[in-house]
Structure formats: C-alpha cells, structure tokens
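Taking it in order: structure first as structure tokens, then the write-up.
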Amino acid sequence: MSNEVEASTTNGQPDQQAAPKAPSKKEKKKASEKTDEYLLARFKGDGVKYKAKLIGIDDVPDARGDKMSQDSMMKLKGMAAAGRSQGQHKQRIWVNISLSGIKIIDEKTGVIEHEHPVNKISFIARDVTDNRAFGYVCGGEGQHQFFAIKTGQQAEPLVVDLKDLFQVIYNVKKKEEEKKKNGSEALMVLDDQANNKLKLGVDQMDLFGDMSTPPDLNSPKVSMVARWMQC
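Heads up, the sequence shown is in full-length UniProt numbering, so the first residue is 1 and it goes up one at a time.
Encoded structure:
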C-alpha cells in the first residue's frame, strides 16, 4: 500500500493562498528523527503519492537554474491560462515518489505517463509566492525538460519528501562505499532500480532552488502579456 496525500478541490474562485506557517517545535523534532531506516521504508515499493494537476512541460536549455525555472513556470502558467479561457483544463495527476524516482500518473486512467529515475532529475524548484506550485528539471544532456505542477494542497510536504528521498539514497550509497573500503559486503537495502542513482560527492543543495510566480494568471490582461512573452 502506498501513502496517499489527498487534496481538497476548489471550484470557481481563484485559489487563495495562505502564508506558509513556520514549523512547530513538534514538527521540527519529527523532521530531526527521520532515520535512514524510516525513509527507506517510506519510499520503498510504491512510495508516497500526491494529488496534483500538470500545468505543463517545457523544453529548457540547462540542467538547473532558479531563473530558468521561473521563466518556464511563467510561460507554462500563461499557456494554461490561455487554454482555460478556451475551456481547457489542466490534467489531473498523481505525483508518485519512491526509491525509483518520480512517476506522473494520470488520475483517471491510472496510466504512468512520465517516469523519471533519480539520476535523471537535476533540479527541483519550489515556488515561494505560489505555495501550491513547484517544478523539476529532468532528462539527459541536451534533452532537459521542466515539469510544472500544481499540488492539491501546499507543495512544501512534497518538496520535503523529494529532499528526503535524495538524502537517504545518498546516505545509503555512502555507507555502501564505506563498507566496500573496509572489505565488508555492501549494504543490500536499495532495490535494483534505486541502486547507482546518485554519485557520491554531489552537493545535495545544488538540486534545490526557489522561484517566484503569481498563483494564477486569470485576468485577460495578464494572459495576453503571458502569451506575448512566449512569442
């Protein structure tokens, strides 16, 4: 069984975003108690999944970058706003996070439409002004794409899960390397799909960044500007 994070749906009025709350002492304590064993159990098998909507996908020139991600998110939000004015709606999806990486699953059909192993995910950007939006860059050299996603609830828990996923895989690989150096058998705790996903020595902080875009591009004036920027 996977852990599911359900979302509340809103209709009609644009989403009203509440200011993110500072983590409580209890939440900080809980975060500090996330052991490798706990995280491996959380992400094994089907892992966890979040209800969301796919804003869009954009080809991007680089593997990472705050400004690049922000520009791409603005472009995709503008395209989504233009589509909404013509009666088109964002695709409803599940974002699945596990030791094998990220899967984008169509909510209606259950079909896995996109699957990105951890070693192909090069950057993850949370939106500091739209707390229900985030995006990530994936793909090989010269084939990078930015996936823009609108979560059903605040995106922060999902981004935290991604940070935890990268960290636990890194920690386990580091322990395996230490075991090999000491002449012991490697720890067989990662499945075949998760093995060799991260290279030791990679600065984990380089994987995460921030961007800032409006929560929604609803007004005709904003939509026109967004479309003009795409030309």
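Don't be surprised by glycine CBs; every beta carbon is placed ideally from N, CA and C. Just so you know, these numbers come straight off a predicted model, no measurement behind them.
(request) Assign A80 to buried or exposed, taking buried as 16 or more other Cβ atoms, counted over all protein chains shown, within 10 Å of its Cβ. (result) buried
(request) In the DSSP assignment, find the beta strand (DSSP E) that holds K44 and state where it starts and stops. (result) Per DSSP, K44 belongs to no beta strand (DSSP E) and is neither H nor E.
(message) Taking the beta carbon of N96 as the centre, do at least 16 other beta carbons fall within 10 Å, making it buried, or is it exposed?
(response) buried
(message) For V168, count the other beta carbons within 10 Å of its own beta carbon; 16 or more makes it buried, fewer makes it exposed. Which is it?
(response) buried
(request) Determine the DSSP secondary structure at E113, reduced to helix, strand or coil. (result) strand
(message) Comparing C-alpha positions only, which one of H89, T35 and S85 sits nearest to I55?
(response) H89
(request) Report yes if the CB atom of V48 is closer than 8 Å to the CB atom of D164, and no otherwise. (result) no
(request) Tell me, please, which residues DSSP counts as bridged to G135. (result) A125 and A148
(message) Can you tell me which residues form a DSSP beta bridge with A52?
(response) I93 and T151
(request) Measure the C-alpha to C-alpha separation of F74 and G101 and round it to an integer number of angstroms. (result) The sequence shown places Met at residue 74, not Phe. Their backbone Cα atoms lie some 25 Å apart in a straight line.
(message) Considering just the uninterrupted stretch of the alpha helix (DSSP H) at K67, what are its terminal residues?
(response) D66 to S85
(request) Keeping to the same chain, check which residues put their C-beta closer than 6 Å to that of F43; ignore five residues upstream and five downstream. (result) S98, L99 and L165
(request) With distances taken Cα to Cα, identify the nearest neighbour of F134 among G140, E141 and R126. (result) R126
(request) Pull up the DSSP beta-bridge partners for G140, would you. (result) Its beta-bridge partners do not exist; DSSP assigns none.
(message) Cutting at 6 Å between CB atoms, please list the residues of its own chain near I104, excluding the five before and the five after it.
(response) I93, E113 and H114
(request) Check K103 in the structure and name its three-state DSSP category. (result) strand
(request) Check D130 in the structure and name its three-state DSSP category. (result) coil
(request) Measure the CB-CB distance between D58 and N171 and report whether it falls below 8 Å. (result) no
(message) Please classify E130 as buried or exposed, where buried requires at least 16 other C-beta atoms within 10 Å of its C-beta.
(response) Checking the displayed sequence, the identity of residue 130 turns out to be Asp instead of Glu. Buried: at least 16 other Cβ atoms inside 10 Å.
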